[in-house]
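>
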Amino acid sequence: MSFGFGKEFRITVFGESHGECVGAVVEGCPAGLHLEEIDIQRELDRRRPGGRLASARGEADRVRLLSGILDGRTNGGPITMLVENHDVDSSWYEENRYLPRPGHSDFPAFVKYSGMNDYRGGGFFSGRMTASLVMGGAVAKRLLSLSGVKVIGHIVQIGETRLQKEVGDRDIEAATLDGAMCADRETSMEFENEIERAAKEGDSVGGVVECRVLNLPAGIGEPFFDSAEALIAHGVFSIPGVKGVEFGAGFGLASMRGSEANDGFVVRNGKVATETNRCGGVLGGLTTGMPLIFRVAVKPTPSIRKAQRTVDLRAMGEAPIAIGGRHDPCIAVRAVPVVEAVAAVCIADLMVRGGKIARRIGEQNGN
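The opening residue of the sequence shown carries number 9 in the numbering used here; numbering runs sequentially from there.
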């Protein structure tokens, strides 16, 4: 098993969907970082369900900081955080324990753990575990802010509906403050309609999250296997429901000529930059100093009301299943702060390892 991620800046997650709590432990955060519960809570609130297009599970997700903080600053020790699970209903899972849900980890988990897996809401395979990732990411974001690094994201596709126009970083930040899915308000409304149509049919829909890491210095990354792309891809694929990732122009590069795909170098404001950013801000696994841009494909929520086929693991025969419980018709919507969190953890780890973040933060920084 591996519930920890990172080397110098490391996050370990714990808990289960229907257990007592879910939480995270962050190790390697420099001492002296100003950190309060509100810094964590702000990110958790972005992940919480809300509105008619979200799960009816109403967890408050009030974070508790249990260790690693003294007088509002990190003390150099492990930072332990958790949120309790209160709004839990395991009845449907109890009744259907031996009917693996299509699209979920139920069957392979049953095999791996010889039937001892926590089947209630998927246990630690559940999307509920993303709250743990967000908590760890909130610490990483706070640390990165001292270097001026920002991590922002929004939705660029829901089902067949795609964002068709270019949007700026400020547009994305404004959309985040307003709680909008996408930096383009008209497209956000189209996304909502797409989700609502699927929900009315007892179905679900997937989406694509775009994430941008801004103000990164050039040269961040640890070749060979811990390159910036490799580490982010590793972390992103740990998010439940993620099935694809691309950087910059991504798979579109395969249809280009080299003369089109290459980003020419220029000097802007006394610094080396590129004319375009089709590489997504990474070359050779190292950051170029341009915005690091990647997109993540999130599959449709596998828990749907429509009848599906499965098997009864006791009788070893086929059986129909219509999934009960409380579920989001589109998990991509709530994945935005999760993708940001994972990116922040990866970049914080690489910047600490690369000597771009000090091991101790002095009072003189005023942060």
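Glycine included, each C-beta is placed from N, C-alpha and C at the ideal position.
Give me the residue from Y127, V159, F259 with the minimum Cα distance to T184.
V159
> Along the alpha helix (DSSP H) that carries F115, what are the first and last residues, could you check?
114-120
> Classify I46 as buried or exposed, calling it buried when 16 or more other Cβ atoms lie within 10 Å of its own Cβ.
exposed
> Using the rule of at least 16 other Cβ atoms within 10 Å of the residue's Cβ for burial, across every protein chain shown, is K251 buried or exposed?
It counts as exposed.
> For G229 versus L358, is the C-beta spacing smaller than 8 Å?
yes
> If you compare alpha carbons, which of G80, K149, K173 is closest to V389?
The first residue shown for the chain is 9 and the last is 375, placing residue 389 beyond what the model contains.
> How should T284 be labelled, buried or exposed, when 16 other C-beta atoms within 10 angstroms of its C-beta is the threshold for buried?
exposed
> Have a look at E102, M124, L141, R334 and flag the residue whose alpha-carbon is nearest the alpha-carbon of T88.
L141
> Could you say if the region 336-346 and the region 302-315 meet the contact criterion of at least three C-beta pairs nearer than 8 Å?
yes
> Please report how far the alpha carbon of G292 lies from the alpha carbon of S10, in whole angstroms.
Between G292 and S10, the C-alpha separation is close to 27 Å.
> Between D53 and E67, what straight-line distance do the alpha-carbon atoms span, to the nearest angstrom?
10 Å
> Count the other CB atoms within 10 Å of the CB of A351; is the residue buried (16 or more) or exposed (fewer)?
buried
> Can you tell me whether E202 is buried or exposed, with buried defined as 16 or more other CB within 10 angstroms of its CB?
buried
> Tell me the residue span of the alpha helix (DSSP H) that contains V142.
138-153
> Looking at C-alpha atoms only, which residue of I166, Y101, L154 is the closest neighbour of R334?
Y101
> In whole angstroms, what is the alpha-carbon distance linking G156 and N223?
6 Å
> Tell me the rounded alpha-carbon separation between N375 and F13.
With a pLDDT of only 49 at N375, under 50, the local geometry of the prediction cannot be trusted, and no value is derived from it.
> For F199, which residues of its own chain have a beta-carbon under 7 Å away from its beta-carbon, when the five flanking residues on both sides are left out?
I163, I166, T169, M189, C190
> Are the CB atoms of M143 and G31 within a distance shorter than 8 Å?
yes
> If we ignore side chains and look at the alpha-carbon of each, how far apart do T20 and R265 end up?
43 Å
> According to DSSP, simplified to helix, strand and coil, what is G161?
In the structure shown, G161 adopts extended strand secondary structure according to DSSP, grouped into three states.
> Please name the residue or residues paired with T169 in a DSSP beta bridge.
Beta-bridge annotation (DSSP): T169 is paired with I166.
> Does the beta-carbon distance from R276 to G210 come in below 8 Å?
Not in contact: R276 and G210 (Cβ atoms no closer than 8 Å).
> I'd like the span of the alpha helix (DSSP H) that includes L52, first residue to last.
45-55
> Bridge partners for F255 per DSSP, in chain order?
F302
> By how many angstroms is the C-alpha of K279 removed from the C-alpha of P225?
Roughly 11 Å separates the two Cα atoms.
> Just grab the DSSP bridge partners of I77 for me.
T82
> With a CB to CB cut of under 6 Å and the five nearest residues on each side skipped, what residues in its chain are close to F132?
E24
> Do you know how far the Cα of D179 is from the Cα of T282?
22 Å
> Count the other CB atoms, across all protein chains shown, that sit within 10 Å of the CB of L78; report buried if there are 16 or more and exposed otherwise.
By the neighbour-count rule (16 or more Cβ atoms within 10 Å), L78 is not buried but exposed.
> Taking Cβ positions, are A356 and E51 nearer each other than 8 Å?
Remark: C-beta atoms of A356 and E51 do not approach each other more closely than 8 Å.
> Could you tell me which whole beta strand (DSSP E) segments of length 3 or greater appear in the region 263-332?
Runs of the beta strand (DSSP E) inside the region 263-332: 273-276, 279-282, 300-306, 316-320, 325-329.
> Counting along the chain, where does the alpha helix (DSSP H) carrying M89 start and finish?
M89 -> not in any alpha helix (DSSP H); beta strand (DSSP E) instead, spanning 87-92.
> Can you list, in chain order, the residues of its chain with a C-beta nearer than 6 Å to that of L90? Leave out the 5 residues immediately preceding and following it.
C29, G31, R72
> Return the chain-ordered list of same chain residues with a C-beta closer than 8 Å to the C-beta of T318, the five sequence neighbours on each side being excluded.
L107, P108, R109, P110, E326, A327, P328, I329
> On the DSSP bridge list, what partners appear for L358?
Residue pairing by DSSP leaves L358 without any beta bridge partner.
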